[in-house]
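Engineer:
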Amino acid sequence: MGAYDRGFLFSDLDLRAMIEGQRAQIEREVDELDSNRLLNTSEEDLIRYFVEKYTLEAPVLLHDEMTVDQRETQVDARLHGSRWIRDESRPFYIPGQQIDIEVPFTGDGDLFKARASTFTTSPPRGRIAGQSVILSFEVPHDMNQDIRPALDRQLNEIKQHLGWVSNDVAGYNRGIYALGEASIKRRKQRLLANQGRVAALGIPLKVRPGAPQTYAAPAIRKRVAPVLPKASEAPFAPEPAMSMEHYEHVLTVVQNMTQVMERSPSTFATMGEEALRDHYLVQLNGQFEGQATGETFNAAGKTDILLRIDGKNAFIGECKFWRGAKVYQETIDQLLGYSSWRDTKAAILVFNKNRDTSKVLEEIKVSSEAHENYKRTPNWKHETGCRFIMHHPADANRELTMTVLVFDIPQIEKKIKSRKASIKKSVEK
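Heads up: the sequence shown begins at 38 in the working numbering, then just goes up one per residue.
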């Protein structure tokens with residue numbers, strides 16, 4: 038009994054070289070992207086595109102879906118048992134049976150050709166047909182042999198090699214995000230530096246004949262191909278943005294102000310949204326120095342806190358009592374209506390008069406992720422807050438980082454009652 042197909046698996050390609058080729062292709066594709074497309078597209082969306090496109094999926098055998106087929110054939114008697122053959126230098130064919138075991142798999146079939154960093158000098162045999170591994174066996178007509186032990190042995194060898202492949206692939210996949218991010222940032226820095234040098238000349242840019250006005254995604258060798266995120270057709274214009282460091286500082290100031298409210302509950306207990314907003318404004322303007330262009334925190338409407346840069350909103354804040362999911366979604370719509378820069382920061386300060394803060398947080402999460410302009414939920418851990426990335430209704434690349442902080446008003450009211458009770462006892466004494 039022997040293998041019908043003499044080809045070795047896990048031997049034609051060096052997996053390490055294959056992975057290095059993938060990494061080089063990511064950097065090459067970033068460098069070849071149209072400059073305006075790259076600058077006008079959300080960085081996170083671009084990174085996710087490269088992660089989706091270049092992630093390798095190690096094959097996994099579907100043992101439960103194996104099928105078998107058989108047919109008559111001529112087998113080489115030299116490969117089967119102790120049979121006397123006059124001339125063993127050439128094939129000696131006798132009637133026999135060919136048995137083909139088809140084992141479906143998920144993942145990238147090309148990885149069956151790849152030799153991992155851990156390997157054996159005698160890899161398993163087989164051939165790949167579409168999304169199946171074919172294991173073939175020959176049995177002479179006069180031999181009553183059970184091929185199950187040989188099949189199980191071969192399947193175990195394949196699983197072992199797939200485990201080694203999977204380990205190498207997992208390490209590569211974990212690094213795609215960082216590689217894509219670094220490549221995109223590096224190219225962006227070059228492009229923006231180039232624009233700065235040209236802008237300093239004070240000479241209008243020449244429009245290249247035949248320059249593309251729209252951008253089409255390239256073809257991708259994937260069963261379900263990711264496409265490049267949509268981008269504006271207009272030339273990229275750099276825009277100011279509030280840094281994440283300043284954004285986090287704003288949120289810290291807001292949370293510190295809330296602690297002041299808890300320490301002096303009677304001062305704030307009867308205030309409405311507008312009055313509470315004004316107290317936050319005082320604290321924020323005490324932390325950030327204004328400039329002649331008006332880059333300070335300003336009031337707008339009854340509950341809004343705005344930081345304007347060059348006449349557009351870089352930061353938007355809303356002070357709201359919790360009145361249910363419908364009003365909350367309307368607040369999101371209002372924030373999106375205010376957003377104008379490509380990267381706007383926002384905060385919704387929710388004052389909760391209910392006892393069940395965890396339920397309010399869950400409703401906020403569900404309502405935010407159900408909003409038509411929701412993009413993703415970043416990894417931001419906070420006991421009484423959530424963070425979401427939303428996009429402008431007219432442009433998916435104009436993102437709004439929205440942090441929602443929930444403050445429990447009953448705690449303030451409880452402290453007022455406690456303080457009143459303490460005063461009453463003092464008077465009675």
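Glycine included, each C-beta is placed from N, C-alpha and C at the ideal position.
Take the Cβ of Asp205 as the centre, count every other Cβ of all protein chains shown within 10 Å, and call the residue buried at 16 or more, exposed below.
Structural biologist: Counting from 1 along the sequence shown, the entry for residue 205 is found at position 168. Answer is buried; the Cβ neighbour count reaches 16.
Engineer: Taking the beta carbon of Tyr365 as the centre, do at least 16 other beta carbons fall within 10 Å, making it buried, or is it exposed?
Structural biologist: Numbered from 1 along the sequence shown, position 328 holds the residue referred to as residue 365. Result: buried.
Engineer: Starting from Glu399 and walking both ways along the alpha helix (DSSP H), at which residues does that stretch end?
Structural biologist: Stepping through the sequence shown from its first residue, residue 399 is reached at position 362. That run of the alpha helix (DSSP H) goes 394-407.
Engineer: Examine the Cβ distances between the region 168-186 and the region 209-225 and report whether three or more of them are shorter than 8 Å.
Structural biologist: no
Engineer: Would you call the region 185-196 and the region 89-103 in contact, with 3 or more CB pairs under 8 Å?
Structural biologist: yes
Engineer: On the three-state DSSP scale, how would you describe Glu420?
Structural biologist: Within the sequence shown, numbered from 1, the residue matching residue 420 stands at position 383. Coil, per DSSP.
Engineer: If you draw a straight line from the alpha carbon of Glu367 to that of Leu288, how long is it in whole angstroms?
Structural biologist: For the purposes of this step, residue 367 is identified with residue 330 of the sequence shown, where counting begins at 1. For the purposes of this step, residue 288 is identified with residue 251 of the sequence shown, where counting begins at 1. Approximately 22 Å between the Cα atoms of the pair.
Engineer: Assuming contact is defined by CB atoms lying nearer than 8 Å, are Met55 and Ala151 in contact in what I supplied?
Structural biologist: Walking along the sequence shown from the start, residue 55 turns up at place 18. Walking along the sequence shown from the start, residue 151 turns up at place 114. Their beta carbons are under 8 Å apart, which means Met55 touches Ala151 by this criterion.
Engineer: Give me, in chain order, the residues of the same chain whose beta-carbon lies closer than 6 Å to that of Met279; leave out the 5 immediate sequence neighbours on both sides.
Structural biologist: Working through the sequence shown from its first residue, we reach residue 279 at position 242. Within the same chain, Met279 has close Cβ partners Ala351, Phe352, Lys382.
Engineer: Locate the alpha helix (DSSP H) running through Ile56, then write down its first and last residues.
Structural biologist: Your numbering for residue 56 matches position 19 in the sequence shown. Start and end: 52-69.
Engineer: Per the DSSP calculation, Phe142 is bridged to which residue(s)?
Structural biologist: As a working note, residue 142 is residue 105 in the sequence shown. Leu98, per the DSSP bridge assignment.
Engineer: Can you check DSSP and say which residues form a bridge with His428?
Structural biologist: Residue mapping note: residue 428 aligns to position 391 of the sequence shown, counting from 1. DSSP output for His428 lists Glu436 as bridge partner(s).
Engineer: Quick one: is Gly217 buried, meaning 16 or more other Cβ sit within 10 Å of its Cβ, or exposed?
Structural biologist: Locating residue 217 in the sequence shown gives position 180, where the first residue counts as 1. Buried, by the Cβ-count rule.
Engineer: Give the straight-line distance between the Cα atoms of Met38 and Asp113, rounded to the nearest whole angstrom.
Structural biologist: On the sequence shown, position 1 is the one that residue 38 refers to. On the sequence shown, position 76 is the one that residue 113 refers to. Confidence is the limiting factor: at Met38 the pLDDT is only 38, short of 50, which leaves the residue's position unreliable, though a coordinate-based value still follows. Their Cα atoms are separated by approximately 10 Å.
Engineer: Residues bridged to Glu80 by DSSP?
Structural biologist: One-based indexing of the sequence shown puts residue 80 at position 43. BP columns for Glu80 are empty, so no partner.
Engineer: Arg227 to Leu148, Cα distance in whole Å?
Structural biologist: Position 190 of the sequence shown holds residue 227. Position 111 of the sequence shown holds residue 148. Each residue's Cα considered, the two are about 36 Å apart.
Engineer: Applying the 10 Å Cβ sphere with the 16-neighbour rule, what's the burial state of Val297?
Structural biologist: Here residue 297 corresponds to residue number 260 of the sequence shown, with the count starting at 1. Val297 is exposed by the Cβ-count criterion.
Engineer: Distance cutoff 8 Å, beta carbons only. Does Cys356 sit that close to anything in chain B?
Structural biologist: Looking for chain B here will not work: only one protein chain is present.
Engineer: Can you tell which of Trp201, Gly323, Gln191, Phe425 has its C-alpha closest to the C-alpha of His286?
Structural biologist: Here residue 286 refers to the residue found at position 249 when the sequence shown is read from its first residue. Of the candidates Trp201, Gly323, Gln191, Phe425, the one whose C-alpha sits nearest the C-alpha of His286 is Gly323.
Engineer: Using DSSP bridges, identify the partner residues of Leu442.
Structural biologist: The residue labelled residue 442 in the question sits at position 405 within the sequence shown. Leu386, Gly422.
Engineer: Tell me, to the nearest whole angstrom, how far the beta carbon of Gly422 is from that of Leu437; I am working on the premise that it is less than 8 Å.
Structural biologist: Working through the sequence shown from its first residue, we reach residue 422 at position 385. Working through the sequence shown from its first residue, we reach residue 437 at position 400. At roughly 16 Å, the Cβ-Cβ gap does not stay under 8 Å, so Gly422 and Leu437 are not in contact.
Engineer: Assuming contact is defined by CB atoms lying nearer than 8 Å, are Phe87 and Phe156 in contact in what I supplied?
Structural biologist: Numbered from its first residue, the sequence shown carries residue 87 at position 50. Numbered from its first residue, the sequence shown carries residue 156 at position 119. Not a contact, by the Cβ cut-off of 8 Å.
Engineer: Do you know offhand how far Ala484's Cα is from Glu66's?
Structural biologist: As shown, the chain starts at 38 and ends at 466. That puts residue 484 outside it, with no answer to give.
Engineer: Would a C-beta distance cut-off of 8 Å place Ala362 and Ser404 closer than the cut-off?
Structural biologist: Taking the first residue of the sequence shown as 1, we reach residue 362 at position 325. Taking the first residue of the sequence shown as 1, we reach residue 404 at position 367. The answer is yes: Cβ separation under 8 Å.
Engineer: For Phe358, does the three-state DSSP call read helix, strand or coil?
Structural biologist: For this step, residue 358 is matched to residue 321 along the sequence shown. If DSSP states are grouped into helix, strand and coil, Phe358 belongs with the strands.
Engineer: Excluding the five sequence neighbours on either side, which residues of its own chain have a C-beta within less than 8 Å of the C-beta of Tyr130, listed in chain order?
Structural biologist: Position 93 of the sequence shown, counted from the start, is the residue given in the question as residue 130. Only Gln111, Val112, Asp113, Ala114 meet the Cβ criterion.
Engineer: Using the C-alpha atoms, what's the distance from Leu343 back to Lys225?
Structural biologist: Numbered from its first residue, the sequence shown carries residue 225 at position 188. Numbered from its first residue, the sequence shown carries residue 343 at position 306. The C-alpha of Lys225 lies about 29 Å from the C-alpha of Leu343.
Engineer: Any chance the CB of Ser203 is under 7 Å from a heavy atom of the ligand GDP?
Structural biologist: The model on display carries no ligand, and the ligand GDP is accordingly not part of it.
Engineer: What distance in whole Å lies between the Cβ atoms of Thr394 and Lys445, which are believed to be in contact at a cut-off of 8 Å?
Structural biologist: On the sequence shown, position 408 is the one that residue 445 refers to. On the sequence shown, position 357 is the one that residue 394 refers to. The sequence given here has Asp at residue 445, not Lys. That belief holds up - the Cβ atoms of Asp445 and Thr394 are roughly 5 Å apart, short of 8 Å.
Engineer: Near Gly146, what residues of its chain come up, given a Cβ to Cβ distance below 8 Å and the 5 sequence neighbours on each side ignored?
Structural biologist: One-based indexing of the sequence shown puts residue 146 at position 109. Excluding residues within five positions, the ones whose Cβ falls inside 8 Å are Pro96, Ile165, Gly167, Gln168.
Engineer: Measure the alpha-carbon distance for Asn77 versus Leu83 and round it to whole angstroms.
Structural biologist: For the purposes of this step, residue 77 is taken as residue 40 along the sequence shown, with counting starting at 1. For the purposes of this step, residue 83 is taken as residue 46 along the sequence shown, with counting starting at 1. Asn77 and Leu83: Cα-Cα distance of roughly 10 Å.
Engineer: Any idea what DSSP makes of Gln111, helix, strand or coil?
Structural biologist: Counting from one through the sequence shown, the residue named residue 111 turns up at place 74. Gln111 sits in a strand when the DSSP states are folded into three classes.
Engineer: Which residue marks the beginning of the beta strand (DSSP E) containing Ile171, and which one marks its end?
Structural biologist: For this step, residue 171 is matched to residue 134 along the sequence shown. Start and end: 169-177.
Engineer: How many angstroms separate the CA atom of Pro255 from the CA atom of His429?
Structural biologist: Numbered from its first residue, the sequence shown carries residue 255 at position 218. Numbered from its first residue, the sequence shown carries residue 429 at position 392. Bear in mind that the predicted position of Pro255 carries a pLDDT of just 32, short of 50, making it too unreliable to give a figure here.
Engineer: Let me check one thing: in DSSP terms, what residues is Phe45 bridge-paired to?
Structural biologist: On the sequence shown, residue 45 is found 8 positions in, with the first residue counted as 1. Answer is Arg162.
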